[in-house]
Structures are given as C-alpha cells and as structure tokens.
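In terms of my numbering, the numbers along the sequence shown are unbroken and rise by one, the last being 793.
Cβ coordinates follow ideal geometry from the N, Cα and C atoms, glycine included.
Quick caveat, the model's predicted, so the values are computed rather than measured.
As structure tokens, the structure follows; a few thoughts come after it.
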Amino acid sequence: MIHNLSRSRAAEVTAMAAVAASQAGFAVMHLTQSDAVNPVATPVSSYALTWPGIVLFPASVLALALACAILAGRGVGLAREGFIRFLLGSTAVMLLCAAIFRTGTPESGLTWWAQIHRYSAGAAFVLLTVVAALCAMRMKDADVPDWVRRGTWWVTGLSALTFLTTTVNTFLPGFLDGGDWRGVGQRVLLVVLSALVWILVANSIRARATVPARTATPAMTATAGRVPVGERSADTSGVAVGQVGDAVPALAGTRS
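Below, the structure is given as structure tokens:
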C-alpha cells in the first residue's frame with residue numbers, strides 16, 4: 538500500500554510542494570532574521586534559536602525529509618536504484634533527527650542533543666552528495682533529458698567541493714580563518730542539495746509518465762479472439778441447419 542501510495546499523483550505533487558516549501562522556509566528565515574543571524578559566519582541551524590526560525594527551521598527540514606522519503610519509496614527514474622533509494626531513506630531519517638534535536642546555544646554549549654543535530658545534519662549532507670554522485674554515473678548511459686544529466690553532474694561537483702570546504706571550516710576553524718565564513722559553505726550546500734532533490738523528483742515524475750501502458754497478456758489476447766458462447770451456439774446451429782437442409786434433397790434424389 539505504501540509502495541503504491543508513493544507512486545501516486547498525490548505523492549508527486551506532495552514531493553514537489555515539499556521541496557518548494559523547504560526552500561521558501563529557508564529564504565524567509567534569511568530575510569526575517571538577518572539582524573539576529575550572521576549568514577557568513579553562523580551555521581544555518583542558528584536560525585532555529587530565534588523567531589520565526591523556531592518554527593520555520595524544523596518545518597523546512599521536515600519538508601525536505603518528506604521529499605526524500607517519497608523518493609525513497611517511488612525511486613528516481615533509473616534502473617537498479619535500490620541502493621540509491623536506501624540512501625534517500627537514510628537521508629530522510631537523518632533530516633528528521635536534525636529537525637527534532639535542536640542545535641546548542643552559546644549558553645548551553647555543545648550538548649548531547651546539539652551533537653545529535655550536528656552529526657545528523659552532516660550525515661544528511663554526505664548521503665545526498667553520494668546520491669548525487671551515484672545518480673550522475675547512472676545517468677551517463679540512461680535515457681534521461683540532457684538538463685537532468687548535466688544538472689546532476691553540476692550538483693555532484695559543487696556539493697562535493699563545498700562539503701569538503703565546510704568540513705575543514707567546521708573541524709579546523711583556524712585554517713585560512715575558515716571558522717569566520719563557514720556559514721557560506723553550509724548555505725551553498727543547502728541550495729545545491731535542495732536543487733538535487735528537485736531534479737530527482739522531476740526525473741521520477743518524467744520516468745513514470747513515459748512508462749508505456751501495459752500490453753494485454755496472452756490469456757487476454759486469446760480470450761479477445763473468442764466468440765461468446767451464446768453467439769457461437771447460435772451461429773453453429775444456423776450453419777448446421779443449413780447444411781442439413783441442403784443435404785436432404787441430395788439424399789432423397791439418390792434413393793429414388
């Protein structure tokens with residue numbers, strides 16, 4: 538039932554709306570909390586500490602998790618995509634944890650729930666980057682639109698480079714003063730990987746729309762060529778009567 542639901546038209550609309558809602562939520566946070574959060578030096582999760590990010594941040598993350606969960610159920614429109622779907626499902630779980638467990642405040646420090654948030658968000662970024670790379674390689678010889686193939690390759694390159702930079706800035710903040718501008722890399726990752734989810738949803742919808750209609754089974758084809766029993770009986774009886782009627786005079790003439 539869940540498998541069929543994820544492949545329905547409602548699931549397609551929900552996935553697209555979820556990605557759009559997630560992007561809109563993060564955009565609103567950046568616009569409304571520009572005075573409270575420094576987008577250059579502060580991580581994206583800092584928006585969850587002030588209004589309206591207290592509501593918008595988890596809602597936006599959950600919306601992205603929903604889109605990944607739907608993709609995990611319906612696929613991304615490629616052959617042999619079981620592992621990719623597993624990674625997307627794992628991404629949805631990591632995003633769920635990142636939404637539930639809030640980051641730490643300057644007063645609380647790096648608490649256990651803040652660490653869960655931190656590593657869950659990082660794992661989600663890693664998993665989506667791996668998904669992008671796998672999809673890009675699979676799309677090389679697949680029958681997909683050129684914009685999907687090129688877009689996936691661009692996402693793979695940008696996310697891998699940005700993730701590497703963000704990792705260095707996070708764990709080695711003194712290297713090239715990366716700790717002062719680590720927020721930039723996180724925001725680039727957020728935009729790029731959100732675009733990846735949108736591309737995969739779009740390709741999944743395209744692939745489902747281009748699947749040819751099911752052909753009739755051999756049993757259905759054989760049945761279609763048969764004449765209904767009632768009509769066959771009527772026709773057979775008519776032929777039999779005619780044949781008998783035509784044969785009677787010949788026999789009578791022979792006997793005489």
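For the pair E549 and M674, the Cα-to-Cα distance works out to about 24 Å. Straight across, the Cα-Cα distance linking L615 with T642 is about 43 Å. Non-local C-beta neighbours of A573 in its own chain, meaning closer than 6 Å and more than five positions away in sequence, comprise T587, ordered along the chain.
Judged by DSSP in its simplified three-state form, G641 adopts coil rather than helix or strand.
Runs of the alpha helix (DSSP H) lying entirely within the region 577-617 and spanning at least 4 residues, in chain order: 590-611.
The DSSP-derived three-state label of T707 is helix.
Here DSSP, grouped into helix, strand and coil, assigns L647 to coil. Where L713 is concerned, there is no enclosing alpha helix (DSSP H), because DSSP gives it neither an H nor an E. By the neighbour-count definition (other C-beta atoms within 10 Å, threshold 16), W735 is a buried residue. Distance between W650 and T689, taken at the CA atoms: about 33 Å.
Judged by DSSP secondary structure, W735 falls within the alpha helix (DSSP H) whose first and last residues are 719-746.
For a cut-off of 8 Å, the C-beta gap from C605 to L632 is around 7 Å, short enough to register as a contact. In this structure, V738 places its C-beta atom within 9 Å of the C-beta atom of M553. M553: member of the alpha helix (DSSP H) spanning 546-569, first to last residue.
Linking V577 to R719 through their CA atoms gives a straight-line distance of about 7 Å.
Of all alpha-carbon atoms in F638, A600, G722, the one lying nearest the alpha-carbon of T702 is that of G722. Taking every protein chain shown into account, the CB of A564 has fewer than 16 other CB atoms within 10 angstroms, so this residue is exposed.
Cα atoms of A555 and T579: separation of roughly 25 Å, rounded to the nearest angstrom. Remark: C-beta atoms of V692 and L624 do not approach each other more closely than 9 Å.
In terms of Cβ geometry, R639 and A585 form a close pair [threshold 9 Å].
With contacts defined as CB atoms closer than 9 Å, P589 and Q560 fail to qualify as a contacting pair.
Closest option to A558, judged by alpha-carbon separation, among H567, S545, V598: V598. A Cβ-Cβ contact shorter than 9 Å links A661 with T628.
Per DSSP, reduced to three states, the secondary structure at M676 is coil, with no helix or strand assignment.
Contact annotation, I621 with V613: C-beta distance approximately 6 Å; criterion of less than 8 Å satisfied.
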